[in-house]
Amino acid sequence: QKEVEQNSGPLSVPEGAIASLNCTYSDRVSQSFFWYRQYSGKSPELIMSIYSNGDKEDGRFTAQLNKASQYVSLLIRDSQPSDSATYLCAVNSGGSNYKLTFGKGTLLTVNP
Amino acid sequence: GAVVSQHPSWVICKSGTSVKIECRSLDFQATTMFWYRQFPKQSLMLMATSNEGSKATYEQGVEKDKFLINHASLTLSTLTVTSAHPEDSSFYICSASRQGQPQHFGDGTRLSIL
Chain P
2 QKEVEQNSGP LSVPEGAIAS LNCTYSDRVS QSFFWYRQYS GKSPELIMSI
52 YSNGDKEDGR FTAQLNKASQ YVSLLIRDSQ PSDSATYLCA VNSGGSNYKL
102 TFGKGTLLTV NP
Chain S
95 GAVVSQHPSW VICKSGTSVK IECRSLDFQA TTMFWYRQFP KQSLMLMATS
145 NEGSKATYEQ GVEKDKFLIN HASLTLSTLT VTSAHPEDSS FYICSASRQG
195 QPQHFGDGTR LSIL
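Keeping their order, the protein sequence lines are chains P and S.
All the letters of the first sequence, read from the start, carry residue numbers 2 to 113 under the numbering used here.
All the letters of the second sequence, read from the start, carry residue numbers 95 to 208 under the numbering used here.
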């Protein structure tokens with residue numbers, strides 16, 4: 002059973018702070034890792050993808066991957082109230098269909 | 095790029111009605127499309143995986159005769175909820191991907207069965 006675990010939160014940070022979101026996965030052969038943002042009542046939106054160990058930065062977002070520890074994280078710098086959403090970690094373990102296993106999501110609230 | 099369109103956005107209908115939801119990849123050819131269902135305050139639940147020109151692969155517990163999936167082309171997949179009942183009310187979301195690329199989601203369809 003492939004599992005992706007996230008702290009459900011809510012995670013509350015003040016505006017301007019760094020928000021740190023964490024995710025662990027059970028399948029060691031997992032190859033691709035994604036962070037999606039989902040606003041209440043909306044569908045998920047891809048914000049980051051990472052495929053190799055280390056850090057990947059895109060604007061205020063940094064994804065970090067450590068395959069040895071089966072751990073992937075998302076840092077949001079200079080958090081804004083508009084970042085308040087549920088963040089979904091998703092993992093692809095290969096296979097021709099690129100099916101994703103999603104975590105249950107972490108609810109982030111950025112307080113003005 | 096990677097725009098996925100889903101239609102309709104909202105459906106309200108009577109119990110026993112069949113409802114068809116369309117999912118289109120607008121600017122790329124999707125080798126695979128996925129259908130998810132999400133109940134309030136819960137995570138996404140994958141219902142089925144669909145490849146163009148072949149039968150959909152359903153997840154355990156999802157009735158294939160209840161949720162009919164057709165993937166007629168590389169840009170269009172449809173989900174038909176047959177004889178819908180109130181317990182089928184949910185947020186249905188499709189996603190599309192091309193080989194080796196991330197899934198991109200449509201805007202979702204909110205289905206309410208009275």
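Every residue, glycine too, gets a C-beta built ideally from N, C-alpha and C.
Which residues of chain P have a Cβ atom closer than 8 Å to the Cβ of residue i, listed in chain order?
i: Leu138(S); result: Pro45, Leu89 and Phe103
i: Phe122(S); result: Simply none; closest approach about 14 Å.
i: Gly218(S); result: This structure cannot speak to residue 218(S), because chain S is shown only from 95 to 208.
i: Phe161(S); result: Residues of chain P passing the Cβ test: none, with the nearest at roughly 17 Å.
Looking at chain S, is there any beta carbon in it that lies within less than 9 Å of the beta carbon of residue i?
i: Ser53(P); result: no
i: Lys100(P); result: yes
i: Gly60(P); result: no
With a cut-off of 9 Å, does the C-beta of residue i fall near any C-beta of chain P?
i: Phe133(S); result: no
i: Ser191(S); result: yes
i: Gln100(S); result: yes
i: Phe128(S); result: yes
i: Thr143(S); result: yes
Have a look at the options and flag the residue whose alpha-carbon is nearest the alpha-carbon of residue i.
i: Ala20(P); options: Ala91(P), Ser33(P), Pro11(P) and Asp28(P); result: Pro11(P)
i: Asn164(S); options: His179(S), Cys188(S), Ser177(S) and Ser103(S); result: Cys188(S)
i: Gln193(S); options: Ser33(P), Asn8(P), Gln2(P) and Asn54(P); result: Ser33(P)
i: Ser31(P); options: Tyr99(P), Gln7(P), Leu109(P) and Lys105(P); result: Tyr99(P)
i: Ser184(S); options: Ala124(S), Met139(S), Met127(S) and Gln123(S); result: Met139(S)
i: Leu108(P); options: Ser94(P), Thr102(P), Leu89(P) and Asn93(P); result: Leu89(P)
i: Gly155(S); options: Ala166(S), Ser167(S) and Ala142(S); result: Ala142(S)
i: Leu75(P); options: Pro113(P), Gln7(P) and Gln2(P); result: Gln7(P)
i: Asp28(P); options: Phe103(P), Gly42(P) and Leu22(P); result: Phe103(P)
i: Glu16(P); options: Ser80(P), Leu101(P), Asp84(P) and Thr87(P); result: Ser80(P)
i: Asp201(S); options: Ser44(P), Asp84(P) and Leu66(P); result: Ser44(P)
i: Gln123(S); options: Phe199(S), Glu116(S), Ser167(S) and Pro134(S); result: Ser167(S)
i: Thr176(S); options: Leu162(S), Tyr186(S) and Thr169(S); result: Leu162(S)
i: Ile207(S); options: Gln100(S), Asp121(S), Trp104(S) and Gln136(S); result: Trp104(S)
i: Ser85(P); options: Ala91(P), Ala18(P) and Gln65(P); result: Ala18(P)
I want to verify the contact list: residues of chain P whose CB lies under 9 Å from the CB of residue i, in sequence order.
i: Gly147(S); result: What Gly147(S) touches in chain P: nothing, since even the nearest Cβ is about 14 Å away.
Using a cut-off of 7 Å between C-beta atoms, extract the partners of residue i located in chain P.
i: Pro196(S); result: Phe35, Leu47 and Ser50
i: Ile187(S); result: Ser44
Closer than 8 Å by beta-carbon distance: list the chain S residues that pair up with residue i, in chain order.
i: Gly106(P); result: Ser137
Any heavy atom of the ligand GTP closer than 8 Å to the Cβ of residue i?
i: Thr151(S); result: No copy of the ligand GTP occurs in the structure displayed, which carries no ligand at all.
Strictly under 9 Å for the Cβ-Cβ distance: is residue i near chain A by that measure?
i: Pro113(P); result: The chain inventory of the structure shown lacks chain A, comprising the protein chains P and S.
**Request:** Write down every uninterrupted run of the beta strand (DSSP E) in the stretch 155-194 of chain S whose length is 3 residues or greater and which is fully enclosed by it, in chain order.
**Result:** 161-167, 170-175 and 184-191
With three or more beta-carbon pairs closer than 8 Å as the criterion, would you say the stretch 58-75 of chain P touches the stretch 38-49 of chain P?
yes
Exercise. May I have a chain-ordered list of the beta strand (DSSP E) segments no shorter than 3 residues that lie completely inside the stretch 9-48 of chain P?
Key: 12-15, 20-26 and 33-39
(message) Between the stretch 142-153 of chain S and the stretch 123-132 of chain S, can you find at least three pairs of beta-carbon atoms closer than 8 Å?
(response) yes
Quiz item: Along the chain, which unbroken stretches of the beta strand (DSSP E) at least 3 residues long are found entirely within the stretch 95-149 of chain S?
Solution: 98-101, 104-107, 113-119, 126-132 and 139-145
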